[in-house]
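First the structure, in the form of structure tokens, and then the observations on it.
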Amino acid sequence: MLGYTTVALSQDTVYSLSAGVFLAIGLVSIVLKMGWFELEVFGILSSYLNHLYWLYRLLGIEGAHGRHFEEYRASLALLFFYWLTFRISYIARNIKTDFEEHISTLAALLNVLLLLGVMKFQSVQPELAYLALLVVGALELSLAQLPITKRRRQAFVVLSVVGATLMLAAVPFHYSGNNVAILWLVGAEAFLAAGIIAKEVVFRHLGLLTGLLVGLHLLGLDFRHLLNLRLANEDPALAAGVLFSLCAVVFYINSLGVGSRWKDLFDGSSGRPLLTIHSYLGAFAAASAAWALFSHDWTALAFGAIMLILAALGRVLESPNLQVQYALLGLLTFYRAMVVNLHLESPEHTHVRLRLLTFPILGAAFYLTARLAALRDEPGQRTIRGLFAAAGSGCFVLLIWFEAPELWQPLACMVFAVALSEAARALRYHALAWHAHLLTGLAVFTALTADPGAIRLWHTIPVRSFSTLPVVVGGYWLAKRLGTSDERHLKLARVAYTWAGTGIMVWVLQEALRAPWIAVGWIVFAVVLALSTRWIRYQQLAWQANVVGLCALVRAFFYNYELEQKFWCPISLRIFTISLVAAGLYFLSQKAAPKERYARVIAFLHSFAATGLLALLGWYEAPNGWLAPLWAAFALVLAIVDQRFELDELPWQSHALAGLTLLRSISVNLYVTATWHGISVRLLSLAIVAVIFYALARLIRMPDEWRKRDIHHVYSWAASAIGGLLLWYELQSQPTGIAVAWGAFGLVLFEYGLLRKITQFRYQAYVALIASFARIFFANLTAGEPGEFWGPRMYTILPLVLIFFFVYAQLPPKEENTVRDRRLHFDVLLAYLGTATIVALFYFQFPIEWVVSSWAAVVFALLGAALLLDQPLFLHQGLLLTVGVLARGMAHNLFGAGYFGEGDWQGRYFVLSSAAVILLASLFFAFRLRGRYGIPQNVNPWIRPLALIAGRPEQVVFFAPIILITFMLALKMRSGMVTVSWGIEGVVIFVLGLATRQRSFRLTGIGILLLCVAKVFALDVWGLQTRDKYITVIIVGVVVSFVSFLWATYKDAIRQFL
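The sequence shown runs 7 to 1064 under our numbering.
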């Protein structure tokens, strides 16, 4: 130590340092002789540091720094002698213990490292410094091959590693600008190698710590320098790149190669954390190297390459630290790509060559990294892999967005989405399926927003419609082959993709087709969707078909009805398009049910919609009297189709159309006055409607229970009502013909109902006949001129009488088909209508005073008919009309105004007498009808008295005319002759009673005679004139005597009768 101190203090010239050489030789001799190897370490340090101190005094703190000085060669020679002296000592010594070997290794490393450090300080030509490294490395490697060196394994390895390291570092050192960090790095590696060879932890730690110093140098100096360069320009920085590249390689060799190969040397010590730091320094150095060596768009590629390499190493070594590093590098790569490679400064949709080249490579690198990323099947690892995969997809998406022309973006996005889905299936990596979802969404967005003004056209079709078609195809493809095994995910995705594809297709059709044909295009698409369910068993397609069909319905409803232009010949565009939409809806009603339980609802919905469209089409095309028959014919067609196919929804549609037809007929057609070829449109249209309604009553399908209740005959009733109203309005110019027409119409209905055994038709006939009867009181009975015998009144009412009685006669009493008719007493009603019609006709046909006689004649005819036909009904009518004759005679002929007015009474007496005679003549039939019809046991108590009267018809027929004659005599005769006439009447009645053997008749005659006697003594004797008084008394006396004679003569017979 004193010697070296002396040398250090006496350094005036370079030659003063020569003493240090001899001192080193002497020290080596002592070390080899005595084995004091620790002393050599201090000697090496003293020798080199003394020399460095001398250079410091000579050159300053910066060293030579490329400046030549005179003592350079001498200084270089001294340094070489130092190195050679200590290297010979290292090779030639004999080692007895491991400690001595470790000290020797330390000395060997200090020797070469101090040599290189001092040579770097005094370097006058830095560009040739790499030659020094090559020479020293070659010498070290050569010395390691000497046989004397090979005696010691550790010495051989240390020198070989040092020599090789120096030679390898020579070129990087040269291209790095002779950066001192490389020398530090060499020293670090030498110590690390020595520590591994000698299994000395101190050496290893020295090496690793020296590496940390290199890292700090890179961070604090070299990276800052690189940053300044990059802020200035983007030119490649070769020196910095080489430096950082070498450091990155060495750091990763240390952390990955050495740490894995000699793992047991670092486990359980502080060496492992140092190796981890080396690993991160390696990542930093690698990224910095890429930034230095590559510029502009290529930097991101370099980052990506490093990222991919680290991912591969991390997968092989299962290193979480490497995963963090390539994750950070991935973030850096993506950022660099966004900032630089994307070229945001370029115009939109402009081709940039480097962007087109680099982004696919970056995307592939991210995908490969994602493939290598996950070390274990854990959520965190899956997240890392998903982020890299997302970055890869993002690169391709950005490439498509910026590079693809606007109208080609939907195709590119959809192809990429399909590719991602297929990759997900092949790789069983389902995160790509989510990327496919996002790509599909982007495809939809680009498809909908491309060329918003529809400027680019192919003929008349916007080109964007064609560019959207791949989105539709891709959507359905993804729904079929989405790369996921999660059933719930797959189910939801299929729903979303198919609905999106359908929605986009609807939009495409709207864009591509002309406005009138949009609804047609939609319905055709809906039909295709429905048909596809025959091969693709997927319910959502059926639902989509239903929705598209409804869209077509709405479109047709709000737009197509306004179309007026012609399509072909007389067919308008409105007819053609609406018909096609309706046909499609009918098809969907049978083929678009997603499940059996929805089939009925779907069928009703679409079928009613189609029917509604066609019905409304009829409204637009025939807004006149022909709409009702058109709707009716449509209802008939639906009923016929339902008969063939038994579709539950069609009968209800027929009902609805029939209801509309009925309303239309009543509210419009009845008031139509137009003609068609000279024929009334009202007549033609309503006749057609009525015929169709009758057909519907037979053809419409209803539940059997409904048919048993004759509900289907609502149609026949509606038809008959329409027919009756039609006759009313058509015959307004001939009012008297309405009743006849209704009667004939009723007759036809009755005959058809009787022939076909259809009760409801007969009921309709009855209604028509009742209506015709009522009608005559408003028009027919007052028609014609007063006193006219054969006129409109007669020839319009007589046919009705015939019809009434004909229909009555047609009702068979024992036929099962007409039991209900008789139970409801329609036969009685018809007979009464016939009789009432005759009575009403006679009332208006004959002079007013002769009505009573005509009615009496009707009574005669009715009683005769009752006897002839054996029908008690006519007997009842005769009795009722007899009462009517009595009432008419009393109310009008006797007490009515003007009957006994001015003028003589001739003829009027005959009128009433004729009525009485006719009624008395009817006794011929009445006696024969007496007791002919028994009283039923279950007859109503209220009806029994009437039944008893009907059992003795002769009483009614007798007393009615007697009452008329009696009152007539009382009113007609002079007061003096009333008693006389009554007496004569009493005799006649008594005689009639004797002749007919009717006690009531004889008692009536006697009663009248007693009335005469009483009147004589009570009134006539006191109030009459003398002449009249005598005449009255004489005649009454004669009459009473005559009756007494008859009583005396035929007393026994009379007593028997009484």
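Every residue gets a Cβ at the ideal spot worked out from N, C-alpha and C, and that includes glycine.
- [ ] Tell me, to the nearest whole angstrom, how far the beta carbon of I50 is from that of L120; I am working on the premise that it is less than 8 Å.
- [x] Position 44 of the sequence shown holds residue 50. Position 114 of the sequence shown holds residue 120. Contact holds; Cβ gap of about 7 Å.
- [ ] For T888, count neighbouring Cβ atoms within 10 angstroms of its own Cβ and tell me buried if that reaches 16, exposed if not.
- [x] Taking the first residue of the sequence shown as 1, we reach residue 888 at position 882. With 16 or more Cβ atoms within 10 Å of its Cβ, T888 is classed as buried.
Task: For L463, three-class secondary structure by DSSP - done: Indexing the sequence shown from 1 puts residue 463 at position 457. Residue state, collapsed to three classes: strand.
Task: Own chain, CB closer than 6 Å to S578, minus 5 neighbours either side, in chain order - done: In the sequence shown, residue 578 corresponds to position 572, counting from 1. Only K572 meet the Cβ criterion.
TODO: Let me know the secondary structure DSSP gives I764 once reduced to three states.
DONE: Along the sequence shown, read from residue 1 onward, the residue named residue 764 stands at position 758. It is coil, neither helix nor strand.
Open item on the list: Just to confirm the assignment, what range does the alpha helix (DSSP H) spanning E658 have?
Closed with: Taking the sequence shown and counting its residues from 1, the one referred to as residue 658 is at position 652. One point to set straight first is that residue 658 is Trp, not Glu, in the sequence displayed. In this chain, the alpha helix (DSSP H) harbouring W658 covers E655 to S673.
Open item on the list: Taking the beta carbon of Y814 as the centre, do at least 16 other beta carbons fall within 10 Å, making it buried, or is it exposed?
Closed with: Residue mapping note: residue 814 aligns to position 808 of the sequence shown, counting from 1. By the neighbour-count rule (16 or more Cβ atoms within 10 Å), Y814 is buried.
TODO: Can you tell me which of the three DSSP states S686 falls into?
DONE: By 1-based counting over the sequence shown, the position of residue 686 is 680. If DSSP states are grouped into helix, strand and coil, S686 belongs with the strands.
- [ ] Please state whether DSSP places K572 in a helix, a strand or coil.
- [x] Within the sequence shown, the letter at position 566 stands for residue 572. Annotated three-state conformation of K572 is strand, per DSSP.
TODO: Give the secondary structure of I1070 by DSSP, where H, G and I count as helix, E and B as strand, and everything else as coil.
DONE: Missing from the structure shown is residue 1070; the chain here goes from 7 to 1064 and no further.
Open item on the list: I need the DSSP call for G904, collapsed to helix, strand or coil.
Closed with: Taking the first residue of the sequence shown as 1, we reach residue 904 at position 898. For G904, the predicted structure reports a pLDDT of 43, less than 50, and the residue's modelled location is therefore unreliable. The matter cannot be settled from this model.
Task: For T103, three-class secondary structure by DSSP - done: Here residue 103 refers to the residue found at position 97 of the sequence shown. It is coil, neither helix nor strand.
Task: Buried/exposed call for A897, threshold 16 Cβ in 10 Å - done: Within the sequence shown, numbered from 1, the residue matching residue 897 stands at position 891. Under this definition A897 is an exposed residue.
Task: Other residues of its chain near L591: CB distance less than 8 Å, five sequence neighbours each side excluded - done: What you label residue 591 is simply residue 585 of the sequence shown in a count that begins at 1. I529, G555, A558, L559, H612, S613, A615, A616 and L619, listed in sequence order.
- [ ] Could you tell me whether the region 578–588 touches the region 629–646, where touching means 3 or more Cβ pairs closer than 8 Å?
- [x] no
- [ ] May I ask you to list the residues that DSSP assigns as paired with T681?
- [x] Mapped onto the sequence shown, residue 681 falls at position 675. Residue pairing of T681 in beta bridges, as defined by DSSP: S686.
Task: Residue environment, K714, which counts as buried when at least 16 other CB atoms sit within 10 Å - done: Counting from one through the sequence shown, the residue named residue 714 turns up at place 708. Its Cβ having fewer than 16 others within 10 Å, K714 is exposed.
Open item on the list: For a minimum of 4 consecutive residues, which ranges assigned as the alpha helix (DSSP H) are wholly contained in the region 364–414?
Closed with: 385–409, all fully within the region 364–414.
Open item on the list: If distances are taken between C-alpha atoms only, which option among I685, L692, Q659 and L653 comes closest to I672?
Closed with: Position 666 of the sequence shown, counted from the start, is the residue given in the question as residue 672. Here the closest residue by C-alpha is L692.
Open item on the list: In this structure, how does DSSP classify P6 when only helix, strand and coil are distinguished?
Closed with: The requested residue 6 is not part of the displayed model; the chain covers only 7 to 1064.
Open item on the list: Going by beta-carbon coordinates alone, are G860 and Y849 separated by less than 9 Å?
Closed with: Along the sequence shown, read from residue 1 onward, the residue named residue 860 stands at position 854. Along the sequence shown, read from residue 1 onward, the residue named residue 849 stands at position 843. It is worth fixing the name first, because residue 860 is Ser in this sequence and not Gly. Yes.
- [ ] Let me know if H441 comes out buried or exposed under the rule of 16 or more other beta-carbons within 10 Å of its beta-carbon.
- [x] Counting from 1 along the sequence shown, the entry for residue 441 is found at position 435. With 16 or more other Cβ atoms within 10 Å, it is buried.
Task: alpha helix (DSSP H) segment containing R603, residue limits - done: As a position in the sequence shown, residue 603 is number 597, starting the count at 1. It is not in any alpha helix (DSSP H) - R603 carries neither H nor E in the DSSP assignment.
TODO: Below 8 Å on the Cβ atoms is my guess for T490 versus H436; work out the distance and round it to an integer in Å.
DONE: As a position in the sequence shown, residue 490 is number 484, starting the count at 1. As a position in the sequence shown, residue 436 is number 430, starting the count at 1. The Cβ separation is near 4 Å, so the contact holds.
- [ ] Could you name the residues that DSSP lists as bridge partners for P805?
- [x] As a position in the sequence shown, residue 805 is number 799, starting the count at 1. Bridge partners of P805: none, in fact.
Task: G369 versus V834, S722 and C401, residue with shortest Cα-Cα distance - done: As a first step, residue 369 must be located in the sequence shown, where it is residue number 363. The candidate whose alpha carbon is nearest that of G369 is C401.
Open item on the list: Determine whether the beta carbon atoms of L929 and F901 lie at a separation below 9 Å.
Closed with: The count along the sequence shown starts at 1 and reaches residue 929 at position 923. The count along the sequence shown starts at 1 and reaches residue 901 at position 895. Contact flag unset, no.
Task: Residue span of the alpha helix (DSSP H) that contains M708, given as start and end - done: Here residue 708 refers to the residue found at position 702 when the sequence shown is read from its first residue. Per DSSP, M708 belongs to no alpha helix (DSSP H) and is neither H nor E.
- [ ] Might you give, ordered along the chain, the residues of its own chain that have their beta carbon closer than 7 Å to the beta carbon of F422, omitting 5 neighbours on each side?
- [x] Position 416 of the sequence shown holds residue 422. Closer than 7 Å at the Cβ level, and outside the excluded window around F422, lie F402, I406 and L445.
- [ ] Return the CA-CA distance between R768 and I685, expressed in angstroms with no decimal places.
- [x] Counted from its first residue, the sequence shown places residue 768 at position 762. Counted from its first residue, the sequence shown places residue 685 at position 679. The straight-line gap from Cα to Cα measures roughly 30 Å.
Task: Opposing strand residues paired with P468 [DSSP bridges] - done: Taking the sequence shown and counting its residues from 1, the one referred to as residue 468 is at position 462. L463, per the DSSP bridge assignment.
Task: Local Cβ density within 10 Å of K126, reported as buried at 16 or more and exposed below that - done: Here residue 126 corresponds to residue number 120 of the sequence shown, with the count starting at 1. Looking at its Cβ environment, which holds 16 or more other Cβ atoms inside 10 Å, K126 is buried.
Task: Nonlocal neighbours in the same chain, by C-beta distance under 6 Å from A460, ignoring five residues either side - done: If you number the sequence shown from 1, residue 460 lands on position 454. Around A460: P468.
Open item on the list: Between which residues of its own chain and A254 is the CB-CB distance below 6 Å, once the five residues before and five after are set aside?
Closed with: Position 248 of the sequence shown, counted from the first residue, corresponds to residue 254. Once the five neighbours on either side are set aside, the close Cβ partners of A254 are G288, A291, A292 and A295.
Task: Whether A371 touches L299 by CB criterion (9 Å) - done: The residue you call residue 371 lines up with position 365 of the sequence shown. The residue you call residue 299 lines up with position 293 of the sequence shown. Going by C-beta atoms, A371 is not nearer than 9 Å to L299.
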